[in-house]
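Q:
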């Protein structure tokens, strides 16, 4: 029998010799320790709840319409503003909302909207003209 095994034997014998009271105290301590120690999933949940996401400063800010090249903006204006059917002119003609986005966009895109689209101007009813009666002063032969 090795020394290590003998010490365990002595320890367990000593515990039993006290009527099991020491053994039950030790067992209760171990059980209490197990209850205090959280399992690995709750540790992961606690760690995950403490993680604070910070904004990634390495990413450039998103591009806006005015930061891209004029050639690309003109393509975007064409897709948004040009239509295949004529635009009917009414007493209240609303321009596309894109033209209200900024002064720069309005100055760049408004000409395209007016020049490259077809506008339909409805004929207004002409005033009714009644033929005049022949004048009495005309001579007939």
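In the working numbering, the protein residues as written are 103 to 243. Positions of the beta carbon are idealized from the N, C-alpha and C atoms, including for glycine. This one's a predicted model, so the numbers in the text were calculated from it and none came from an experiment.
1. Buried or exposed: residue 184, going by 16 or more other Cβ atoms within 10 Å of its Cβ?
2. Hey, residue 210 and residue 175 are a contact pair by Cβ (cut 8 Å); roughly how many whole angstroms apart?
3. Below 9 Å between beta carbons: does that hold for residue 189 and residue 220?
4. Report yes if the CB atom of residue 191 is closer than 9 Å to the CB atom of residue 164, and no otherwise.
5. Looking at the secondary structure, which residues open and close the alpha helix (DSSP H) in which residue 213 lies?
6. Does the Cβ-Cβ distance between residue 215 and residue 195 come in under 9 Å?
7. Can you tell me the Cα-Cα spacing of residue 162 and residue 132, whole angstroms?
A: In short:
1. By the beta-carbon neighbour count (other beta carbons within 10 angstroms, threshold 16), residue 184 is exposed.
2. Rounded, the Cβ-Cβ distance is 7 Å, consistent with contact.
3. It is a contact, given that the beta carbons lie within the stated cut-off.
4. No, they are not a contact pair.
5. Here the alpha helix (DSSP H) through residue 213 covers 205-218.
6. Not a contact, by the Cβ cut-off of 9 Å.
7. Straight-line Cα distance between these residues: approximately 55 Å.
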